[in-house]
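Notes for the one structure printed next.
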Amino acid sequence: MHYNTPVLNQSPYIRKSFRIFLVVFLACFYNGYTQEAPLEENNALTKQLWLSFDSTWELKDSTYLKTDVGYRTISTNNWDRYIARGGYEKNVTPFILKHLKRKESYIGGLGLFYFSNKAGHNSLEIRPFQGYRLNFDITKRIQLANYFRLEERFLITAQDNSNHFGLRFRYQIMANIGLQGFLFSDKRGFYFPVGIEFFFNIVELSQFSDVIRITPGAGYQFNPTFKVQGMLAYHYTEQDIGGIYKTNDIIFRLKVIKTF
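Okay, so the sequence shown: first residue is 1 according to full-length UniProt numbering, each after it adds one.
Laid out in structure tokens, this is it:
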């Protein structure tokens, strides 16, 4: 019985072309498999939930111990982020604009950010920071806060093509309208914070390079030591070096604030 010989066996040219195609395909597949995909598509609109508990302990000589723990996730359930920070803040005698009623302080601390990536490598970021606060009382009910911060970012991850060190400067300006005492007792009531924060990379890290954050919100003060605050924020974020992948993030944030 006669069988037809397969085409690949009949033509050396076809066999050679097929082998070249197979090698190129496997090389591309392997390269695409080993390189971690971006966290989100370029210019994607994401929805995220941030929860945090901020605590302050008043020490002596106008010094404070500040801590916060938090959890962040995204609506697509691609990742979770766990946060713990601690800082030491000290109020100082004002040395600029002395004719204005204001408060100045210096702060330094350390943050830990564990990133659980369900689509790739996990990572741990260690972030020391140093900052300066300058707060003004515009009126009895309106305060304006300025926060200048320098952050060193150390990234621990198994991803080979990551930049493991970053350095950036942050500036936040926040206005707060306090309605404590309006329809409530003097120390109870609503307040409305709204702020904008800018990020400037000196050395760029390979993940979560923020560009700008706009954060309007509303809170309720039960007493001077206990507040609950909600915010609906917009963040513009670069996800990797060079800003190849950018995201527009809508953040639903709930914060509990307690002073001991």
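Glycine residues also receive a C-beta, built at the ideal position from the N, C-alpha and C atoms.
task = Return the chain-ordered list of same chain residues with a C-beta closer than 6 Å to the C-beta of residue 194, the five sequence neighbours on each side being excluded.
result = One-based indexing of the sequence shown puts residue 194 at position 194. Its chain contains 175 and 216 as the residues whose beta carbon lies nearer than 6 Å to that of residue 194, once the 5 sequence neighbours on both sides are disregarded; these appear in chain order.
ask   = For residue 78 versus residue 119, is the C-beta distance shorter than 8 Å?
value = Counting from one through the sequence shown, the residue named residue 78 turns up at place 78. Counting from one through the sequence shown, the residue named residue 119 turns up at place 119. It is a contact, given that the beta carbons lie within the stated cut-off.
ask   = Going by C-alpha distance, which of 95, 93, 90 and 71 is nearest residue 84?
value = Reading the sequence shown from its first residue, position 84 is the one you call residue 84. That would be 71, whose Cα lies nearest to the Cα of residue 84.
ask   = How would you write the range of the beta strand (DSSP E) that residue 137 sits in, first residue to last?
value = Counting from 1 along the sequence shown, the entry for residue 137 is found at position 137. First-last of the beta strand (DSSP E) with residue 137: 123–137.
task = Please determine if the stretch 146–161 and the stretch 180–189 are in contact, where contact requires at least 3 C-beta pairs separated by less than 8 Å.
result = No, they do not touch.
ask   = Excluding the five sequence neighbours on either side, which residues of its own chain have a C-beta within less than 6 Å of the C-beta of residue 114, listed in chain order?
value = Here residue 114 corresponds to residue number 114 of the sequence shown, with the count starting at 1. Beyond the five residues adjoining it in sequence on each side, residue 114 comes within less than 6 Å, by CB distance, of 82 and 124 in the same chain, given in chain order.
inquiry  = Taking the alpha-carbon of residue 211 as reference, which of 218, 172 and 232 has the nearest alpha-carbon?
reply    = Here the question's residue 211 lines up with position 211 in the sequence shown. Selected option, being the one with the closest Cα: 172.
query = Between the C-alpha atoms of residue 143 and residue 218, what's the straight-line distance to the nearest angstrom?
reply = In the sequence shown, counting from the first residue as 1, residue 143 sits at position 143. In the sequence shown, counting from the first residue as 1, residue 218 sits at position 218. Looking at the two C-alpha atoms, the distance is approximately 15 Å.
ask   = Does DSSP put residue 28 in a helix, a strand or coil?
value = Taking the first residue of the sequence shown as position 1, residue 28 is located at position 28. Below a pLDDT of 50, predicted positions are generally treated as unreliable, and residue 28, at 40, falls in that range; no measurement from the model is reported.
query = What are the boundary residues of the beta strand (DSSP E) that includes residue 235?
reply = On the sequence shown, position 235 is the one that residue 235 refers to. Element bounds for residue 235: 226–238.
query = Quick one: what's residue 151 bridged to in DSSP?
reply = For the purposes of this step, residue 151 is taken as residue 151 along the sequence shown, with counting starting at 1. Its beta-bridge partners are 129 and 168.
task = Give every residue of the same chain whose Cβ lies closer than 7 Å to the Cβ of residue 33, excluding the five residues on either side of it in the sequence, and list them in chain order.
result = Numbered from its first residue, the sequence shown carries residue 33 at position 33. Any answer about residue 33 is weak, because its pLDDT of 33 lies below 50 and its placement is not dependable; what the coordinates show is given next. Cβ neighbours of residue 33 beyond the five flanking positions: none.
task = Note down the Cα distance separating residue 258 from residue 88, rounded to an integer number of angstroms.
result = Translated into positions along the sequence shown, residue 258 becomes position 258. Translated into positions along the sequence shown, residue 88 becomes position 88. Distance between the alpha carbons of residue 258 and residue 88 is about 16 Å.
inquiry  = Spatial neighbours of residue 261 within its chain, please: C-beta separation below 7 Å, excluding the five flanking residues on both sides.
reply    = Any question about residue 261 goes unanswered here, given that the chain covers just 1 to 260.
Presumed contact (8 Å Cβ cut-off) between residue 151 and residue 170, rounded CB distance = Position 151 of the sequence shown, counting from 1, holds the residue named residue 151. Position 170 of the sequence shown, counting from 1, holds the residue named residue 170. With a Cβ gap of about 7 Å, residue 151 and residue 170 count as contacting.
key: Length of the line joining the Cα atoms of residue 252 and residue 92   = Position 252 of the sequence shown holds residue 252. Position 92 of the sequence shown holds residue 92. Cα to Cα, the separation comes out at about 34 Å.
request  = Mind checking who residue 203 pairs with in its DSSP beta bridge?
outcome  = One-based indexing of the sequence shown puts residue 203 at position 203. According to DSSP, which records beta bridges pairwise, residue 203 is partnered with 167.
task = Could you pull the start and end residues of the beta strand (DSSP E) that residue 158 belongs to?
result = For this step, residue 158 is matched to residue 158 along the sequence shown. Where residue 158 is concerned, there is no enclosing beta strand (DSSP E), because DSSP gives it neither an H nor an E.
query = Can you name the start and end residues of the beta strand (DSSP E) that residue 186 belongs to?
reply = Here residue 186 is taken as the residue at index 186 of the sequence shown, counted from 1. Segment: none, residue 186 is in no beta strand (DSSP E) and carries neither H nor E.
task = Using the Cα positions of residue 55 and residue 202, report the straight-line distance between them to the nearest angstrom.
result = Indexing the sequence shown from 1 puts residue 55 at position 55. Indexing the sequence shown from 1 puts residue 202 at position 202. Distance between the alpha carbons of residue 55 and residue 202: 30 Å.
query = Closest to residue 236 by CA distance: which of 213, 220, 129 and 148 is it?
reply = As a working note, residue 236 is residue 236 in the sequence shown. Minimum Cα distance to residue 236 is reached at 213.
inquiry  = Suppose contacts are defined by Cβ-Cβ distances below 8 Å. Is residue 62 in contact with residue 90 by that definition?
reply    = Indexing the sequence shown from 1 puts residue 62 at position 62. Indexing the sequence shown from 1 puts residue 90 at position 90. Yes. Within cutoff.
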